[in-house]
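Under the numbering used here, the sequence shown is numbered contiguously, ending at residue 430.
What follows is one structure encoded as C-alpha cells, with my remarks underneath.
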Amino acid sequence: MVKAVFFLIAVAAAFAAGGASVYIAAAGRRKRMKNPVKTSIIMSNAKEHRLSVGPHVVAIGGGTGLSTFLGGLKCFTRNITAVVAVTDEGGSSGRLRQEWGMLPPGDIRNCIVALAENDSSLNSLLNFRFDRGELKGHSLGNLILLATTEMMGDFQRAVEELNKLLAIRGQVLPVTTESVRLKGETKDKKALSGELEISDNGSELARLWLEPADAEPLEGIKKAVAEADIIVLGPGSLFTSVMPNLLIAKVPELLRESQLPIAYIANLMTQPKETEGMNILAHVDWITGVLGAVPDYILANQSAIPEEFLSRYGKIGAEPLYLSAKEEQYLESLGCEVIYGDYCEIKDGKYLRHNARHLSETILELARRNKGG
C-alpha cells in the first residue's frame, strides 16, 4: 500500500515538473525547429528568472478562495507562502482527523495543487475521489498526505515533502501543527463547538476563539513574514478560513510587528448562514478586532454579477458584496485604502469565483509600491 502511494506521488511529480517541457519539445518538433531542446531551455530559464525575482507574498486563509487566488499568483512569482487554517472538520478531512488523529489535509492539498507547475493534471489525480468501499468520499491527495504523515511521523514534514516532490511555486504551511478546534458563542449565549456549528451560526456570533488558546504558529511562518513584501488575507470564508489563522495567539502580533502592508480580499458574496446579512464592513470589523489593526487595503469587486447567478445564489441565501460610497468613506477615515477591480468571473459556466489574475496583478502592484519600485 505504501509503495503504491509513493508510486502515485512520483507520477504526480512527473506531471508537475515535466509536463510543460514535454509539450514545448513536442511543439518544437511539429514546427521543425532547429534546436527545440535549446529553445525550450532558454524559455524555461527566462521564465524561471522572472518568477524568482517576483515579490514575496504571504497569503493567509483556506478553502476554495485561497487556492483560487494562488492559481493566479503563481504566474507572476514563485516567492509565495500560503498559510492555511487547520480547523476543517467536514468530509474526507474530518473523517481522517477523527479516525487517524491527523490535521485536516483538504485545504492544504488544494493549495499545493494550485501552486504546482501543472495544476490541471494534478487536479484530476490528487482530487480523484473514491466512490465506494471503505475509501468512499476520500480524495487520493488526502490519502497521500496521510500516508506521508505516517511514514514521516509528522504532519509538517509530510507537507514539506509534498511541497518538494511536486515542485510547487512557493510553499504551503499549516498555520500550526497542534490540533485546534474552533469555539464560539452566539449573541444569546449559545455555546458553539467546531467549524460546522460555527458556519451554521456565523451571522449570530458574538465571540470566536480557538482551543487550546496557546497553540503556536510554525516557525516557517515567522521566516516567511520576515522576508515578505505584503500580507494578504483571504479570499475565503470569514469565520472558517480566514479567522482561524488570526486566532492563533502570536499571529496577529507577528503581522503587526512586521509593519508590512496588509490587504484583505473581500468576498464576492455572503455565505449562507455563516455571513448571511453581513456587509463588507462587518467582515472588516471582525478581522480588525482580532488582528488589532485595520487592514491597509481592501480589495472589493466592482464588476456586475449576471442576473442568472444573482437569482441562483439568492435562492440559497447568498447576496453580492459591494461597497457603498458611505462605507468606502468610513473605511478611508480609518486609514484603509479601498481598491476596486473586476475581481469576479464565472467558472465552468456554473460558479462565481474570484478572478485570480486580476487579484494577483493588484496585489503585486501593492507589493512593488511597498518596496518603492
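C-beta atoms are modelled at their ideal positions from N, C-alpha and C, and glycine is treated no differently.
Output yes or no for whether 8 Å exceeds the beta carbon distance between residue i and residue j.
i: T138; j: Q213; result: no
i: V108; j: A116; result: Before going further, note that residue 108 is Leu rather than Val in the sequence given. Cβ distance not < 8 Å, so L108 and A116 don't count as in contact.
i: H411; j: F187; result: no
i: I169; j: T233; result: no
i: T243; j: A270; result: no
i: L130; j: A173; result: no
i: G398; j: H415; result: yes
i: E146; j: G251; result: yes
i: I278; j: I319; result: no
i: L239; j: P301; result: yes
i: F133; j: S417; result: yes
i: T332; j: G259; result: yes
i: R166; j: N199; result: yes
i: E384; j: N336; result: yes
i: Y400; j: N358; result: yes
i: A281; j: R313; result: no
Look up residue i in the DSSP assignment and say whether it is helix, strand or coil.
i: A139; result: strand
i: G248; result: Note that residue 248 is Ala in the sequence shown, not Gly. Residue state, collapsed to three classes: strand.
i: T419; result: helix
i: V237; result: coil
i: T205; result: helix
i: A285; result: coil
i: Y370; result: helix
i: R410; result: strand
i: G118; result: strand
i: I225; result: coil
i: T125; result: helix
i: S256; result: helix
i: R426; result: helix
i: T26; result: In this structure the chain extends from 58 to 430, so residue 26 is not present and cannot be described.
i: E276; result: helix
i: S294; result: coil
Please list the terminal residues of the continuous beta strand (DSSP E) segment that includes residue i.
i: L265; result: 262-268
i: E156; result: No beta strand (DSSP E) contains E156, which is instead part of the alpha helix (DSSP H) from 148-157.
i: C132; result: From DSSP, C132 is part of no beta strand (DSSP E); its letter is neither H nor E.
i: E402; result: 401-404
i: E376; result: Element bounds for E376: n/a, residue is neither H nor E.
Assuming residue i is part of the alpha helix (DSSP H), what are its boundary residues?
i: I169; result: 163-172
i: E384; result: 382-390
i: A215; result: 212-222
i: P301; result: 300-303
Report, in whole angstroms, the separation of the C-beta atoms of residue i and residue j, which I expect to be a contact under 8 Å.
i: V237; j: T144; result: 6 Å
i: L367; j: P352; result: No, L367 and P352 are not in contact; Cβ-Cβ is about 27 Å, not under 8 Å.
Would you list, in sequence order, the uninterrupted alpha helix (DSSP H) runs of no fewer than 4 residues that lie entirely inside the stretch 309-363? 337-348
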